[in-house]
Amino acid sequence: MNYVNFLSRIKLIAILFIITFLSGDIYSQELPPILLDYATQVLTEDGKLLGYIGEKNRVEVRSTGSISKYVLWALIATEDRNFYDHNGVSYSGLGRALLKTITGNTQGGSTITMQLARNLFLTHDRTVKRKVNEIDLALKIEEKFSKDQILLLYLNTVYFGLGAHGIWAAAQEYFSTTPDKLTITESATLVGLLQSPNGYNPEKNPQKLLSRRNEVLHNLVEVNKLSKSEFDKLKQQPLNLKRHLSIGRHFVEHVRREAITMLKSRGVVVSKDQLKITTTLDLQTQLAAEEAVAKQWNSMNKSMQTAQVALVSVEPGTGKIRAMIGGNKDSEARGINRAVQIYRQPGSAFKLFLYGKMLEDGFTFETPLQDIPIVVDSGTQFEWRPSNSSNSFSGEEISMVSAIEGSINLAAAYAITELTSPDSVISFAKKLGVNSALYPYPSLALGTSEVTPLEMATAASVFAAGGKLSKPFSIMKIEDKNGRTLYSSSIDTATVIDSATAYLTSIAFANVVDNGTASSIRRSYKGFAAGKTGTTQNATDVWFVGFNTSLSTAIWAGYDNPANKVGGGFSFGGTICVPVWASMMSQLSKNNSRQFLLPPDRPSTVIEVELCEDSGLLAVESCTKRKLVMVNSEKMPNLCPIHSGFKFLQVDSSEE
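Heads up: the sequence shown begins at 3 in the working numbering, then just goes up one per residue.
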């Protein structure tokens, strides 16, 4: 450089510095405090990143040793090759930049330290005033911090695009990895983004980003960190982005709300205190759920795709929430979470509790029910006149299991008015974890009281868990930034019904899947499954609650405004929600074949006896129509009154 020109530039810088200082616009003698908000990480149970809670997706990296050497090499080679030789300011580069600024052009000239000063304390206005303040702050930063500390601050602060603030979030967002595991090409890609995160956005300009990555790789050749032959090989590689999957957004918001409630008394700010929240969510289950919903919604006509959806899966025996969807793809994560916050009529899905209660009371699969129109005093000024969904009836007696298979409303109405009572069914549902207000009217049998999807999934899990109710929960553990445990969960389980009732209810509602309104499941899923469809009047709400020993899932579809009808009022739980469950469970059974196929173990208290098909009670020798049926040995049916007077026939349960 010409010595005279160099001195002229130094004089120019000095003059500009003095002018700015005298005008009172220069920063104070002390470096301002560095205040960065670090996001809280939300993780799956096995430690995979689900998302962040915070204004910015920024997670602190504590040392340069936790960052790939390729990132550090590429950063210095591209942004500031004299980083280790200057005191925060490159005067030759700065002189050029200031002259360009004065003449109205733009020029870089900022060292890594100056960029850090700008990112931490200043705006991005291209003015002399900002540049001088940038110099002042850079000098102070260099006085206070080591070079490695400056690099670390820079990489924790800088924006990489696509919502990723800092190297940790960038490594996750673009390559689903951690900063220490970034390869040389991945490192070059991330450093290349710094020049223009939006301009090199891979979603819009992948080829432009590829060219920029190769420029950064060539910079490494120029500083002898990469050979020419290695560069020639690497530049041929594609970007190989492994974008972080954005899943479980409603669940992350649910966790945020739960964590705030848990930590409120401790003065912890969930959105700023860099917590690590390990949740109960299972990545495979959540992915299968989201893919199943997307597949079903995409298959429907456009007018139906505006319907909302809720899905929640609970693990029987533990209460761990394994998957959650709180709305359709257009719903806001911070809005209503329909899996836990909406109260809607479950329709015939509520028959799980009606028939579960009857089995608990000793009724059997063959208990005769009447498929005949009835008029019931509803306890209000109106009479209740239930009807079957087909608007037809057989006019005959049918067995309980047939009523369950066909979802026969008239049989359910007969059962709740003649064989049990609304109060008894309510007590049973409450035992299983339904905490919503349930009203003791006969129409309760058809699901007229409102519940949440989470309540339905939790209650059904009791049948799958052999009678054990486990309180549902979403957070396993919360740790602070230093790894100190702030909260640790425990499984809250209690036996609420006997194992025989749980088993018999599971077997009864397996008939819905094998032969009834959810039989389409058998086209794709071959494992054990039990459940119940539900469709309210005019298809305001459609449901399917399905369960096995591994998972209990409630699926709801409808509109936030109940005046709107799903499919114009001509859709059913069996056509909207059942395909979602089938697709989800089919995928999970491929990944965990044995776990998701097994039926429940039969308790020793469940035996097989011959029942009279006419009375539904224990067969005697003169009963000509008999059927082998499982019953609770501790609540044996009475002898058949039609053909009574003879010893009943019992089959030894050990003969299988």
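Note that the Cβ used here is the ideal one computed from N, Cα and C, for glycine as well.
Keep in mind it's a predicted model, so treat the numbers as computed, not measured.
The three-state secondary structure of Arg346, taken from DSSP, is strand. The Cβ neighbour count for Asn640, taken over all protein chains shown within 10 Å, is under 16; the residue is labelled exposed. Closest option to Thr382, judged by alpha-carbon separation, among Leu619, Ser445, Asn135 and Ile249: Ser445. Distance between Asn540 and Tyr357, taken at the CA atoms: about 24 Å.
For the pair Lys479 and Thr422, the CB atoms are not nearer than the 9 Å cut-off. If you ignore the 5 residues before and after Met632, its C-beta comes within less than 6 Å of the C-beta of Val608 and Glu610, all in its own chain and listed in chain order.
Glu217 is positioned such that its CB atom lies closer than 9 Å to that of Thr80.
Note that the C-beta distance between Pro601 and Ser301 is not below 9 Å. Assigned with DSSP and collapsed to three states, His167 falls in strand. When only Cα atoms are considered, Arg214 and Val270 end up about 42 Å apart.
Rounded to whole angstroms, the gap between the alpha carbons of Arg259 and Lys266 is 11 Å. Measuring C-alpha to C-alpha distances from Leu154 to each of Asp363, Pro34, Gly469 and Ser70 identifies Ser70 as the nearest.
In the DSSP assignment, Tyr72 falls within the alpha helix (DSSP H) that extends over Lys71 to Glu81.
Fully enclosed alpha helix (DSSP H) runs of no fewer than 4 residues occupy 501–517 of the segment 483–565, in order along the chain. Short of 7 Å from the beta carbon of Ile143, and not among the five residues preceding or following it, lie these beta carbons of its own chain, in chain order: Leu33, Gly90, Thr115, Leu118, Ala119 and Ile152. Between Lys483 and Lys278, the C-beta spacing is below 9 Å. Judged by DSSP secondary structure, Asn411 falls within the alpha helix (DSSP H) whose first and last residues are Asn411 to Tyr416.
Closest in alpha carbon position to Ser273, among Asn242, Ile262 and Thr366, is Ile262.
Glu47 is a Cβ neighbour of Thr282, given a cutoff of 9 Å. For Lys146, the closest alpha carbon among the candidates Phe233, Thr179, Pro35 and Asp182 is that of Pro35.
For the 9 Å CB-CB criterion, Thr507 and Ser315 do not form a contact.
Cβ contact annotation for Phe395 (same chain, cutoff 7 Å, sequence separation greater than five): Asp373, Ile374, Pro375 and Leu412, in chain order.
A direct Cα-to-Cα measurement between Thr460 and Pro474 gives close to 7 Å.
Judged by DSSP secondary structure, Gly358 falls within the alpha helix (DSSP H) whose first and last residues are Lys353 to Glu362. Bounds of the alpha helix (DSSP H) holding Pro581 are Val580 to Asn593. Counting only runs of at least 3 residues, the segment 206–285 fully encloses the following beta strand (DSSP E) elements, listed from N- to C-terminal order: 278–281. Around the beta carbon of Gly329, 16 or more other beta carbons sit within 10 angstroms, so the residue counts as buried. Separation of Ala520 and Thr535 (C-alpha to C-alpha, rounded to the nearest whole angstrom) is 7 Å.
Per DSSP, the beta-bridge partners of Glu399 are Gln372. Under the 8 Å Cβ criterion, the segment 572–592 counts as touching the segment 513–533, having at least three qualifying pairs.
By the CB criterion at 9 Å, Leu157 and Gly168 fall inside the cutoff. Going by beta carbons, Pro204 and Leu211 fall inside the 9 Å limit. In terms of Cβ geometry, Gly575 and Ser350 form a close pair [threshold 9 Å].
Per DSSP, the continuous alpha helix (DSSP H) segment holding Thr159 begins and ends at Lys149 to Thr159. Nearest neighbour of Arg628 by Cα position, chosen from Gln343, Tyr345 and Glu368, turns out to be Glu368. Just so you know, the alpha carbons of Val436 and Pro348 end up roughly 12 Å apart.
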